[in-house]
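Q:
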Amino acid sequence: MAPTSASITALAPLKPDLHERAWASVPHPTLPLIATAHGKAVTVFSLSTASAHSVLTGGHTRSVRSIAWNDDDGDATSKEWEFTLVLEGHDSEIKSCAFSPSGSYLATCSRDKSVWIWEDIGASEEDDEWETIAVLNEHEGDVKAVAWCPDVPGRNARRSYSADVLASASYDNTVRIWREDGDAEWVCVAVLEGHEGTVWGLQWEPRPREGDRFPRLLTFSADNTIRVWTLKQDDEAEENSTGGGAGALGGIPNTMRRSLREEWTCTSVLPKVHTRDIYSVTWSAQTGLVASTGSDGIVALYAEDSEQHVTTTDSQDQTMGNTEESKQQQTSWRLLTSQPGAHGPFEVNHITWCRRYDAASERRGEEEMLVTTGDDGIVRPWQVEMDAPR
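Letter 325 of the sequence shown, counting from 1, is numbered 325 in the UniProt record's numbering, and no numbers are missing.
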């Protein structure tokens with residue numbers, strides 16, 4: 001059951017302060033480490049000691065904006081970090097990078113309006129070699145973020161193409177969903193439209209609700225809104241791969257086969273709290289709570305109501321001229337608490353859920369906290385306390 005209220009309390013920041021704008025902090029998936037992008041470097045902090053573990057420099061000549069851990073990288077605590085490889089190809093600043101759940105693919109996106117997908121072709125873990133397998137150019141503006149669907153049961157239950165699913169967010173106010181088809185070609189299967197400003201980022205649902213066949217997708221924007229999108233769940237799989245078409249669905253190219261199209265619907269808009277651009281949102285796999293932050297310096301915490309209601313909408317296949325009835329589970333969200341001025345007068349660029357490993361934690365390695373990263377160069381943990389669920 002969802003809590004009715006919560007509180008967030010600032011803990012001591014990680015040391016040392018970085019004394020320059022910091023863009024993002026990403027926890028290691030299994031180890032007590034968190035990596036922070038700032039300046040031309042990445043600082044890896046120990047979550048056990050709340051102090052710097054190592055600093056990664058070299059290779060970058062301008063600000064580091066995005067970082068990603070490869071889930072299959074082994075024991076990072078015992079490694080000596082060294083610069084090993086440069087991937088080149090984008091024509092402008094790279095905004096985001098993300099490894100696929102298997103670690104076999106790396107997605108990058110850029111101000112050049114493109115998304116690149118790279119494949120690990122190294123013969124062993126020590127053989128660090130990647131090649132470009134796709135360049136996706138369908139966005140009409142800067143691509144701000146990419147995110148792979150997590151490796152959860154059912155993510156490919158009714159589709160004939162690869163299990164890997166990629167989403168991208170753009171300055172063109174849209175989100176695109178990409179999949180690899182049976183011919184090993186990466187194609188856009190859906191365009192999510194509804195935001196009225198730059199879509200700064202997205203977050204896949206880390207643990208789908210009981211009964212759902214596919215994770216939902218959360219997007220956040222310069223229009224100060226957070227939206228939740230749900231894939232239409234048909235009772236029958238549409239696997240007709242012979243259809244062509246003269247039309248387009250939501251901006252999808254005319255050459256797309258009908259069987260590859262997916263219908264995504266905005267099923268929730270979270271309570272509007274922010275007064276300026278929302279830069280970052282994080283979705284907890286443990287509790288299902290969502291936290292957001294952005295240009296206004298506010299940290300907000302939301303809970304989803306357990307009650308659901310079914311909404312029926314009509315959707316039209318523009319190629320076949322048929323109207324279909326679609327049923328979606330609509331849910332509402334509540335604001336639990338908000339914290340203004342989380343980093344004083346500075347903008348907050350990133351927020352993430354993270355396990356606590358410090359000595360003050362009652363459940364070391366299990367208890368969750370929030371970590372924010374701001375223009376003041378501070379990486380700040382937050383304790384989250386919830387009331388009894390209703």
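For each residue, glycine too, the CB sits at the ideal point set by N, CA and C.
The beta strand (DSSP E) that contains D120, what's its start and end?
A: Your numbering for residue 120 matches position 120 in the sequence shown. Element bounds for D120: V115 to D120.
Q: Pick out the complete beta strand (DSSP E) segments inside the region 281-306, 3 residues or longer, and give them in chain order.
A: Entirely contained in the region 281-306, the beta strand (DSSP E) runs reaching 3 residues are, in chain order, 290-294.
Q: What does the alpha-carbon distance come out to for the pair H38 and G374?
A: The residue given as residue 38 occupies position 38 in the sequence shown. The residue given as residue 374 occupies position 374 in the sequence shown. So the two alpha carbons sit approximately 10 Å from each other.
Q: Going by C-alpha distance, which of A134, D183 and D142 is nearest W200?
A: By 1-based counting over the sequence shown, the position of residue 200 is 200. The shortest Cα separation from W200 among A134, D183 and D142 belongs to D142.
Q: Run the CB neighbour count on S306, radius 10 Å, all protein chains shown included, and call it buried at 16 or more, exposed below.
A: On the sequence shown, position 306 is the one that residue 306 refers to. By the 10 Å Cβ count, S306 comes out exposed.
Q: Just the C-alpha distance for V379 and R356, rounded to the nearest angstrom, thanks.
A: On the sequence shown, position 379 is the one that residue 379 refers to. On the sequence shown, position 356 is the one that residue 356 refers to. The straight-line gap from Cα to Cα measures roughly 14 Å.
Q: What distance in whole Å lies between the Cβ atoms of C149 and W204, which are believed to be in contact at a cut-off of 8 Å?
A: Counted from its first residue, the sequence shown places residue 204 at position 204. Counted from its first residue, the sequence shown places residue 149 at position 149. That belief holds up - the Cβ atoms of W204 and C149 are roughly 5 Å apart, short of 8 Å.
Q: Hey, V42 and L56 are a contact pair by Cβ (cut 8 Å); roughly how many whole angstroms apart?
A: The residue you call residue 42 lines up with position 42 of the sequence shown. The residue you call residue 56 lines up with position 56 of the sequence shown. So it is a contact: roughly 4 Å between Cβ atoms.
Q: Output the distance between the C-alpha atoms of A291 and S280, rounded to the nearest integer angstrom.
A: Start at 1 with the first residue of the sequence shown, and residue 291 comes out as number 291. Start at 1 with the first residue of the sequence shown, and residue 280 comes out as number 280. Using only the alpha carbons, I get a separation of about 8 Å.
Q: What is the DSSP secondary structure of L217, counted as helix, strand or coil?
A: On the sequence shown, position 217 is the one that residue 217 refers to. Note: L217 maps to strand in three-state DSSP.
Q: Decide if H53 is buried, meaning its Cβ has at least 16 other Cβ atoms within 10 Å, or exposed.
A: Taking the sequence shown and counting its residues from 1, the one referred to as residue 53 is at position 53. H53 should be labelled buried.
Q: Relative to the alpha-carbon of E20, which residue among G365, I298 and E347 has its alpha-carbon at the smallest distance?
A: Taking the sequence shown and counting its residues from 1, one reaches residue 20 at position 20. Cα-wise, what sits closest to E20 is E347.
Q: What's the C-alpha gap between A303 and E367?
A: Counting from one through the sequence shown, the residue named residue 303 turns up at place 303. Counting from one through the sequence shown, the residue named residue 367 turns up at place 367. If you take the alpha carbons of A303 and E367, they lie about 18 Å apart.
Q: Under a Cβ-count criterion, where at least 16 other Cβ atoms within 10 Å of its own Cβ denotes burial, should V135 be classed as buried or exposed?
A: Reading the sequence shown from its first residue, position 135 is the one you call residue 135. Under this definition V135 is an exposed residue.
Q: Cα separation between N224 and E193?
A: Stepping through the sequence shown from its first residue, residue 224 is reached at position 224. Stepping through the sequence shown from its first residue, residue 193 is reached at position 193. Each residue's alpha carbon lies about 15 Å from the other.
Q: Give the DSSP-derived three-state secondary structure of L336 in the structure shown.
A: As a first step, residue 336 must be located in the sequence shown, where it is residue number 336. Strand.
Q: Using the Cβ count rule (16 or more neighbours within 10 Å means buried), how would you classify R179?
A: Counted from its first residue, the sequence shown places residue 179 at position 179. Under this definition R179 is a buried residue.
Q: Please report the straight-line C-alpha distance between R65 and A147, rounded to a whole angstrom.
A: Sequence index remark: in the sequence shown, residue 65 carries index 65 (1-based). Sequence index remark: in the sequence shown, residue 147 carries index 147 (1-based). Between R65 and A147, the C-alpha separation is close to 15 Å.
Q: Answer yes or no: do T230 and W264 have a C-beta to C-beta separation smaller than 9 Å?
A: Translated into the one-based positions of the sequence shown, residue 230 becomes position 230. Translated into the one-based positions of the sequence shown, residue 264 becomes position 264. Closer than 9 Å, so yes.
Q: Could you check what DSSP says for L260 in three-state terms: helix, strand or coil?
A: The residue labelled residue 260 in the question sits at position 260 within the sequence shown. In this structure, L260 counts as helix in the three-state DSSP scheme.
Q: Once DSSP output is grouped into helix, strand and coil, what is the label at Q233?
A: The residue labelled residue 233 in the question sits at position 233 within the sequence shown. In this structure, Q233 counts as coil in the three-state DSSP scheme.
Q: Which term fits K272, buried or exposed, when burial requires 16 or more other beta carbons within 10 angstroms of its beta carbon?
A: Translated into positions along the sequence shown, residue 272 becomes position 272. Classification for K272: exposed.
Q: Could you say which of E119, H139 and C97 lies nearest to D112 if we only look at CA atoms?
A: Translated into positions along the sequence shown, residue 112 becomes position 112. For the residues E119, H139 and C97, the minimum Cα distance to D112 belongs to H139.
Q: I'd like to confirm the pairing. Which residues does DSSP put opposite K15 in its beta bridges?
A: By 1-based counting over the sequence shown, the position of residue 15 is 15. Paired residues: S51.
Q: Helix or strand or just coil, what does DSSP make of H139?
A: Working through the sequence shown from its first residue, we reach residue 139 at position 139. Here H139 sits in coil by DSSP.
Q: Using C-beta distances below 8 Å, list every residue in its chain close to L33, excluding the 5 sequence neighbours before and after it, in chain order.
A: Along the sequence shown, one-based indexing puts residue 33 at 33. Here the set comprises P27, V44, F45, S46, L47, H53, A76 and T77.
Q: Quick check: what's the CA-CA separation for K232 versus R216?
A: The residue labelled residue 232 in the question sits at position 232 within the sequence shown. The residue labelled residue 216 in the question sits at position 216 within the sequence shown. When rounded, the distance between both Cα atoms is 10 Å.
Q: Grab me the residues of V228's own chain with a C-beta within less than 6 Å of its C-beta, minus the 5 sequence neighbours each way, in chain order.
A: Your numbering for residue 228 matches position 228 in the sequence shown. Answer for V228: R216, L218, T267 and S268, listed in chain order.
Q: Taking the straight line between their C-alpha atoms, what separation do you get for K40 and P16?
A: Here residue 40 refers to the residue found at position 40 when the sequence shown is read from its first residue. Here residue 16 refers to the residue found at position 16 when the sequence shown is read from its first residue. Each residue's alpha carbon lies about 17 Å from the other.
Q: State the DSSP-derived secondary structure class of C149, mapped to helix, strand or coil.
A: The count along the sequence shown starts at 1 and reaches residue 149 at position 149. Reduced to three states, the DSSP call for C149 is coil.
Q: Leaving out the 5 sequence neighbours to the left and right, which residues in its chain are closer than 6 Å to A169 when beta-carbon positions are compared?
A: By one-based count along the sequence shown, residue 169 stands at place 169. Cβ within range, chain order: K144, A145, V175, V199, G201 and L202.
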